[in-house]
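Below is one structure; the comments refer to it alone.
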Amino acid sequence: MTQASVTSEKVTLFPQDPQSRLTYRIPALLFIPPDTFLAFAEERSSPRDEDAKILVLRRGTKKENTVEWGPMEPLTSATKDGYRTMSPCPVYERESQTVFLFFNCVEGTVSEQEQIKTGKNAARLCYVCSTDAGQTWCSLTDLTEQVIGKDLKNWATFAVGPGHGVQLNSGRLVIPAYAYHITARRCELIQEECQVAEVMHQEGDVQYSVYCNARTPHGLRAEALSTDEGLTFRSPSLQEELCETGTGCQGSVVSYTPTPGHGKTASSWLLYSHPADKQEDIEKLCH
Numbered sequence: 001m002t003q004a005s006v007t008s009e010k011v012t013l014f015p016q017d018p019q020s021r022l023t024y025r026i027p028a029l030l031f032i033p034p035d036t037f038l039a040f041a042e043e044r045s046s047p048r049d050e051d052a053k054i055l056v057l058r059r060g061t062k063k064e065n066t067v068e069w070g071p072m073e074p075l076t077s078a079t080k081d082g083y084r085t086m087s088p089c090p091v092y093e094r095e096s097q098t099v100f101l102f103f104n105c106v107e108g109t110v111s112e113q114e115q116i117k118t119g120k121n122a123a124r125l126c127y128v129c130s131t132d133a134g135q136t137w138c139s140l141t142d143l144t145e146q147v148i149g150k151d152l153k154n155w156a157t158f159a160v161g162p163g164h165g166v167q168l169n170s171g172r173l174v175i176p177a178y179a180y181h182i183t184a185r186r187c188e189l190i191q192e193e194c195q196v197a198e199v200m201h202q203e204g205d206v207q208y209s210v211y212c213n214a215r216t217p218h219g220l221r222a223e224a225l226s227t228d229e230g231l232t233f234r235s236p237s238l239q240e241e242l243c244e245t246g247t248g249c250q251g252s253v254v255s256y257t258p259t260p261g262h263g264k265t266a267s268s269w270l271l272y273s274h275p276a277d278k279q280e281d282i283e284k285l286c287h
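Note that the UniProt record's numbering has the sequence shown beginning at 1, numbered continuously upward.
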């Protein structure tokens, strides 16, 4: 397998092909202990959502301060006849050492706006899994009826993530998703693409919460908190310190425990990254 050595310098994992003009968008990154990274993206024939085709993968191996990346591979198992594959959202289950890759399959070239306008959903909720750190994948499973069921008739469309899910301290897997109800109005505080992280804090006993950060068309990011492992969330609010770019852009949030001497070791820190410019996706911001 051809590998490329990567240092702390910026590296493009999914460059546009200058000849075919194939474009890669909607990235997702997953770390598998002790030293493996899986990077996913949508392969598109143009930057348009309607021109998404399949998901692609690159596997990386951490070696000291270097990550060596293997070649790009198409995820042919994550395909459904007559549908395009979108919105990769991987999560790692620790006990079984299984990677679950959730995604949406959207019929033909039906756009999200067309689904919202007509109230006719064209999306399916699907997943594939791997027990060998992304080297091989099982066949596709369509979860739409099992997970959404009768509620689907009230949804204009929906999508997972994109980005990543999270396994909570309890073992539960939480996969972020958003949906447009058939009666939704654009003037409402609608949350769109979103990611979640589990945060730990200590006030007497150690407590865990699920934090959700979401894209909005209102110039600011929205956030919400759950104290029951993601079953319910408090009403979302706009965060004045986290600006949104243009009409919105995918962002990322992960949690980690700081090393001793950098804060309360019994509490989690959140690392948030997103374009910082309010007009263009040109400058990244980390909090």
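Each residue gets a CB set at the ideal place from its N, CA and C atoms; glycine is no exception.
Length of the line joining the Cα atoms of residue i and residue j
i, j, result
"T259", "E112", "43 Å"
"E64", "T12", "20 Å"
"V253", "V196", "7 Å"
"D277", "F31", "28 Å"
"R186", "G246", "Because the pLDDT of R186 is 47, which lies under 50, any placement of that residue in the model is unreliable, and the number read from its coordinates should be weighed accordingly. If I take the Cα positions, the gap works out to 16 Å."
"V147", "F158", "12 Å"
"Q16", "G60", "19 Å"
"M72", "Y24", "11 Å"
"H181", "N154", "6 Å"
Residue i versus the options, residue with shortest Cα-Cα distance
i, options, result
"G230", "P34, N169 and L57", "N169"
"L220", "E95, Q250, E203 and D228", "Q250"
"G70", "V99, G134 and V199", "G134"
"A179", "G161, Q167 and G171", "G161"
"P27", "P33, R21 and L55", "L55"
Close-in-space but distant-in-sequence residues of the same chain around residue i (CB under 8 Å, 5 per side omitted)
i, result
"K53", "E42, E43, R44, S45, R84 and T85"
"K139", "The question names Lys, but residue 139 is Ser in the sequence shown. Only S77 and V128 meet the Cβ criterion."
C-beta atoms of residue i and residue j nearer than 8 Å
i, j, result
"G163", "I175", "no"
"S209", "T227", "yes"
"P104", "S130", "The sequence given here has Asn at residue 104, not Pro. For N104 and S130, no; Cβs fall outside 8 Å."
"P90", "L101", "yes"
"E93", "L173", "yes"
"S267", "H201", "yes"
"E68", "G171", "no"
Sequence-distant residues of its chain with Cβ nearer than 6 Å to residue i (five each side left out)
i, result
"R215", "E192, E193 and G248"
"L143", "L125"
"A122", "V106, E107, V110 and Q115"
Cβ neighbours of residue i in the same chain (closer than 7 Å, five flanking residues each side left out)
i, result
"D49", "S111 and E112"
"K10", "none"
For residue j and residue i, believed in contact at Cβ under 8 Å, the rounded distance
i, j, result
"A156", "G204", "Wrong, their Cβ atoms sit about 44 Å apart, outside the cutoff."
"L57", "F40", "6 Å"
"V199", "S255", "5 Å"
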